[in-house]
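To start, the structure itself, in structure tokens.
There are 2 protein chains.
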Amino acid sequence: MYIILVYDMKQQRVGKMLKLCRRYLHWIQNSVFEGEISEVKLAELLAKARTIMEEEEDSLILFKSRTQQWLEKQVVGRERSALDTIL
Amino acid sequence: MYIILVYDMKQQRVGKMLKLCRRYLHWIQNSVFEGEISEVKLAELLAKARTIMEEEEDSLILFKSRTQQWLEKQVVGRERSALDTIL
Numbered sequence: 439m440y441i442i443l444v445y446d447m448k449q450q451r452v453g454k455m456l457k458l459c460r461r462y463l464h465w466i467q468n469s470v471f472e473g474e475i476s477e478v479k480l481a482e483l484l485a486k487a488r489t490i491m492e493e494e495e496d497s498l499i500l501f502k503s504r505t506q507q508w509l510e511k512q513v514v515g516r517e518r519s520a521l522d523t524i525l
Numbered sequence: 439m440y441i442i443l444v445y446d447m448k449q450q451r452v453g454k455m456l457k458l459c460r461r462y463l464h465w466i467q468n469s470v471f472e473g474e475i476s477e478v479k480l481a482e483l484l485a486k487a488r489t490i491m492e493e494e495e496d497s498l499i500l501f502k503s504r505t506q507q508w509l510e511k512q513v514v515g516r517e518r519s520a521l522d523t524i525l
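Protein chains in written order, with the numbering used here: chain G, 439 to 525; chain A, 439 to 525.
As structure tokens, then:
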């Protein structure tokens with residue numbers, strides 16, 4: 439399955455969430471990730487995300503698609519560089 | 439067409455972009471929007487977005503799908519409240 443994940447977290451928890459999501463998905467923009475992932479891996483990611491999040495304050499939204507082909511992506515402006523993805 | 443729009447802007451331009459995007463789409467999270475939009479309206483939105491953006495610094499990513507049915511949305515944590523959408 440192909441997913442897009444976006445989160446909105448309090449600043450003090452952003453670093454942990456970023457690190458977690460990058461273990462499962464591709465980072466494409468500040469707080470936005472995409473990638474192919476299995477149901478099992480996604481459940482694992484969400485379980486870990488819930489331990490980082492304060493569910494009253496933070497928010498995570500997933501868009502799931504059976505296949506990436508059903509989505510066309512368009513980038514306007516700056517593309518995240520290789521350097522950014524290392525940082 | 440159904441789209442998801444996410445942007446990453448310098449702070450001083452965020453307000454203008456938010457206001458623009460809310461005229462065309464539904465605001466679902468900090469810097470994330472979704473909604474049905476025609477090709478014509480999307481072209482109009484992007485033309486206006488480009489006048490706000492500094493393309494060297496800012497980034498806007500669109501995911502387009504022919505139909506919303508191809509995407510399943512899941513929200514974890516806080517849902518944006520009615521109050522938030524008024525502000």
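Using N, Cα and C, we set each Cβ at its ideal position, and we do this for glycine too.
| said: Which residue marks the beginning of the beta strand (DSSP E) containing L484(G), and which one marks its end? | reply: Careful: L484(G) lies outside any beta strand (DSSP E), inside the alpha helix (DSSP H) at E477 to I490.
| said: One question on the structure: do R451(G) and S497(A) come within less than 9 angstroms of each other, judged by their Cβ atoms? | reply: No, the Cβ-Cβ distance between R451(G) and S497(A) is not below 9 angstroms.
| query | In three-state terms, what does DSSP make of K457(G)? | reply | Reduced to three states, the DSSP call for K457(G) is helix.
| Where L443(A) and I499(G) are concerned, what is the direct C-alpha to C-alpha distance, given to the nearest angstrom? | So the two alpha carbons sit approximately 13 angstroms from each other.
| Beta-carbon contacts of L458(G) that lie in its chain and below 6 angstroms, excluding the five residues immediately before and after | Once the five neighbours on either side are set aside, the close Cβ partners of L458(G) are K486.
| query | Since D446(G) sits in a beta bridge, which residues does DSSP pair it with? | reply | Beta-bridge pairing by DSSP links D446(G) to S497(G).
| field | Bridge-paired residues (DSSP) for S503(G) | value | According to DSSP, which records beta bridges pairwise, S503(G) is partnered with Y440(G).
| Ordered along the chain, which non-local residues of its own chain (more than five positions away) have a Cβ less than 8 angstroms from that of H464(G)? | Counting only Cβ-Cβ distances below 8 angstroms, and skipping sequence neighbours, we find F471, E472 and G473.
| Candidates V514(A), R461(A), M439(A) and K448(A), of which the one nearest T489(G) by Cα | Checked all of V514(A), R461(A), M439(A) and K448(A); the closest Cα to T489(G) is V514(A).
| Got a sec: is the Cβ-Cβ distance from K502(A) to anything in chain G below 9 angstroms? | By this cut-off, K502(A) is an interface position.
| Got a sec: is the Cβ-Cβ distance from Q467(A) to anything in chain G below 9 angstroms? | Flagged as an interface residue toward chain G: Q467(A), by a C-beta distance shorter than 9 angstroms.
| task | Per DSSP, which residues does V514(A) bridge with? Please list them. | result | Bridge partners of V514(A) according to DSSP: L498(G).
| request: Output yes if chain G places a C-beta closer than 9 angstroms to the C-beta of L498(A); else output no. | output: Yes, L498(A) counts as interfacial toward chain G.
| Delimiting residues of the beta strand (DSSP E) encompassing W508(G) | From DSSP, W508(G) is part of no beta strand (DSSP E); its letter is neither H nor E.
| chain G within 9 angstroms of L509(A), Cβ atoms only | Yes, its Cβ sits closer than 9 angstroms to a Cβ of chain G.
| Is the beta carbon of E495(A) sitting closer than 9 angstroms to the one on K448(A)? | Yes, these two residues count as a Cβ contact at 9 angstroms.
| query | Distance, Cα to Cα, A481(A) vs F501(G)? | reply | Their Cα atoms are separated by approximately 23 angstroms.
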